[in-house]
Structures are given as C-alpha cells and as structure tokens.
Amino acid sequence: MEESSPSSSPNRSTTPTPPTLPVNEDQVATFRSFFQTYNRISEYCFRTCVWDFGTPSLRAREERCLNRCTSHYLQMTKEIGHVFAEGQTNLMLGGAAAPPVVEPVLGSETTSVA
Amino acid sequence: MKLVQDLEIEMMTDMYARLTNACHKKCVPPKYREPDLQKGESVCIDRCVAKYLDVHEKIGKKLTEISMRDQDFQQRVGAGGLATPS
C-alpha cells in the first residue's frame, strides 16, 4: 500500500464508490441526496473536530471525534426523519397537532364598508 | 454514464465550496491589515485543505461501511427473521 502525505497526492480519489451506478431519475435523485448528506457531514464534522493546523495530518483525537461525529449525525438524521414523518402523518389525518385549516369561501364577497 | 459524471462534478463543486468556506473561517481572521495573504495564513490554508480532503475520504469510507452494514441487516431481515451472523 503506497503511503503519501495528503497534500502530495493529486490523483487521490476522495469520492466513495456507490454500490450501483444511477441509470434513471429516481436513482439520480437518491445519489444526489447521498452526496449532499456526505458533503454536509464532512463540512460540519471538520469544523467541529479539526482544530490543530500545526500539522497536515489528522491527530488521533481528531479522528476519534470524526468517527463519533459521523455516527451521531446519521442517527440524528434518522431520528429527525421518523419524527418528521409522524408529524406529517398527523397533519394529514387531521390530528390534535394539526393547525386549523382556513379555506376561503367562494361567492361570499361582500363590499367593504368604509 | 454522463449522468454519473455530471453528478460527480456537481458533488466536487459543492465540496470545493464548503472546503473554501471552512478553511477561510479557520485560517483567516477577519482583521485585514494588508491585502496579501500572510505567510502563517498561507501555511494554515495548505494544511487545512490537506486535512479537509483527509476528513472527506475518511467520512466517505465510514458512510460506505455503515450503508453496507445497513444493507446486510436489511437483507438478513428480509430473508425471513432476524438471523444472527455466524
């Protein structure tokens, strides 16, 4: 396995290989969503966990923080997804949490009195 | 194939924008005494970019590992009950 410093490998691929190549619009949308999440996690965890710029390579503490940060973020996304889906279901079924829907009544326009 | 390439370009462009933002925040304090980049800022940016790419790669591997694990889990569950790995 070749070892090179991070700053001296111009051809290093940083994108993970997806399990299947997208061939239709649904898969493209899924792929795009995956990449957006990936980029967001990278940026957020980098900002939170990396603080030592005295060296070009990651410290062990920073790596541990990155692992935890990634798992945390993914679990948080799942949790948000569940709660959001429940909330949406409640809204559609007109549950207690649903705000009152005010529908405009057609044909009941009255002239405004000044 | 072109779709994949377009997606990859889109992803790399987004990653580049985020990297620029992050390294600017980390390495360039908002006190602009002169228009040129100082030596310390230059060195910081160089290391920041190297570290960001490293982080991006590691997180990519972790995400692939997690999604493979989820797929395995779903396959095992779908194959008929929770089969424990031997």
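Chains as they are written, first to last, in the working numbering: chain A, 0 to 113; chain B, 8 to 93. Note that CB positions come from ideal geometry on N, CA and C, so glycine has one too. Note that the structure is a prediction, hence the values are computed from the model and not measured.
Listed along chain B are 62 and 66, each with a C-beta nearer than 8 Å to that of residue 44 of chain A. Between the alpha carbons of residue 82 of chain A and residue 44 of chain A lies a distance of about 24 Å. Rounded to whole angstroms, the separation of the alpha carbons of residue 76 of chain B and residue 46 of chain B is 45 Å. In the three-state reduction of the DSSP assignment, residue 39 of chain B falls in the coil class, being assigned neither a helical nor a strand state. Taking C-beta atoms as the reference points, residue 59 of chain B and residue 29 of chain B count as a pair closer than 8 Å. Considering only beta carbons, the part of the stretch 8-24 of chain B lying closer than 7 Å to chain A consists of 10, 11, 14, 15, 18, 21 and 22, in chain order. Burial state of residue 61 of chain B is buried, judged by a 10 Å Cβ sphere holding 16 or more other Cβ atoms. Straight-line spacing of the CA atoms in residue 28 of chain A and residue 64 of chain B works out to 22 Å.
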